[in-house]
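*Asks:*
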Amino acid sequence: MLVDLQNMIGDYFHDVFVNNVDWWVLLGVVAQGLFTMRFVVQWLASEKAQRSVVPMTFWWFSIGGGALLFVYALYRRDPVFILGQGFGLFVYLRNLQFVLRAKARGEDTNSGPG
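Next comes the structure, spelled out in structure tokens:
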């Protein structure tokens, strides 16, 4: 029984990660990488400042990764993914607009390095 389960799981992962790989999957992986980098950038900036900060690059990675994931979701025709990424893009763009306006006025944006 455990051997059968192991074979089923192995076949599943082989199908997902080997048989189903195409350019769209590669785009999705790159998009997810960009999206993940936003947290790495935020974490490193916060460690450097010894306080929680959200650097400008966080928003750029959010927009880049979110936009690519949105395109990927449209291609996959996944309504949950489309709604989630579509709303996220709106929030990221709006926050970036707030940061850029504050910087133009010379205000501290609490965005830290980056």
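Residue numbers (UniProt numbering): 1 to 114. C-beta: ideal position from N, C-alpha, C; glycine also.
Should the region 84-91 be called in touch with the region 99-111, which here means at least 3 C-beta pairs below 8 Å?
*Replies:* Judged by Cβ distances under 8 Å, the region 84-91 makes no contact with the region 99-111, as fewer than three pairs qualify.
*Asks:* Is DSSP giving PRO55 helix, strand or coil here?
*Replies:* Coil, per DSSP.
*Asks:* Work out the CA separation of ARG105 and PRO79 for me, nearest whole Å.
*Replies:* Rounded to the nearest angstrom, the two C-alpha atoms are 39 Å apart.
*Asks:* Quick one: what's got a C-beta closer than 7 Å to VAL41's C-beta in the same chain, skipping five residues either side?
*Replies:* Result list for VAL41: PRO55, THR57, PHE58, PHE61 and GLY114, in chain order.
*Asks:* Output the distance between the C-alpha atoms of HIS14 and ILE63, rounded to the nearest integer angstrom.
*Replies:* Each residue's alpha carbon lies about 31 Å from the other.
*Asks:* Which value, in whole angstroms, describes the spacing of the CA atoms of VAL21 and VAL29?
*Replies:* So the alpha carbons of these two residues sit roughly 10 Å apart.
*Asks:* Of the residues LEU93, PHE70 and LYS103, which one's Cα is nearest the Cα of VAL25?
*Replies:* Answer by Cα proximity: PHE70.
*Asks:* Leaving out five residues on either side along the sequence, give the residues of the same chain with a beta carbon under 8 Å from the beta carbon of GLN32.
*Replies:* The answer, listed in chain order, is GLY65 and LEU69.
*Asks:* What's the call for ARG38, buried or exposed, on a 16-neighbour Cβ count within 10 Å?
*Replies:* Burial call: buried.
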